[in-house]
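Asks:
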Amino acid sequence: MSKLAEFRALEQKLAAQLAELESLKNDNVLKQEIEFDGKLRSLLGEYGYSLRDVIQILDPSARAEVAVLPAKNARKPRQIKVFKNPHTGEVVETKGGNHRTLKEWKAQYGAGTVESWLS
7 MSKLAEFRAL
17 EQKLAAQLAE
27 LESLKNDNVL
37 KQEIEFDGKL
47 RSLLGEYGYS
57 LRDVIQILDP
67 SARAEVAVLP
77 AKNARKPRQI
87 KVFKNPHTGE
97 VVETKGGNHR
107 TLKEWKAQYG
117 AGTVESWLS
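For any residue, its number in this note's numbering is found by taking its place in the sequence shown, counting from 1, and adding 6.
Listed below in structure tokens is the structure:
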């Protein structure tokens, strides 16, 4: 399609949309809806409520749906692991492998040996 034909097609579409816009501006139902929306928003601002708050107040089923939503997927708590050093008798309780003393033991005795100390 040439640029001129494309320009004329867009110009026709624009003219049709402008005509539709003018007819909507003269529509009484649209004027009433705009007036209602303006009054509603000013009233909500006056009382400090949002549209979501009003929906929750007026529609109990919407409130029930919000309450039914599950909590964030929480993983189960980690299990405490107890390591006892047979050489020193020292005991370390940890939920993860990032314990300072445990790291030192693994560096000194080897990871496999330290894991065997798990009680």
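Where is the CB? At the ideal position from N, CA and C, for every residue including glycine.
For residue 107, which residues of its own chain have a beta-carbon under 6 Å away from its beta-carbon, when the five flanking residues on both sides are left out?
Replies: Within the same chain, residue 107 has close Cβ partners 98.
Asks: Under the rule that 16 or more other beta-carbon atoms within 10 Å means buried, what is residue 120, buried or exposed?
Replies: Buried, by the Cβ-count rule.
Asks: With burial defined as no fewer than 16 other Cβ atoms inside 10 Å of the residue's Cβ, what is the status of residue 13: buried or exposed?
Replies: exposed
Asks: Going by beta carbon distance, what residues of the same chain come within less than 6 Å of residue 50, once the five residues before and after it are set aside?
Replies: none
Asks: Please determine, among 111, 103, 82, the residue with the shortest C-alpha to C-alpha distance to residue 94.
Replies: 111
Asks: Determine the extent of the beta strand (DSSP E) in which residue 28 is found, giving its start and end residues.
Replies: It is not in any beta strand (DSSP E) - residue 28 instead sits in the alpha helix (DSSP H) that spans 9-31.
Asks: Taking C-beta to C-beta, are residue 89 and residue 124 nearer than 8 Å?
Replies: yes
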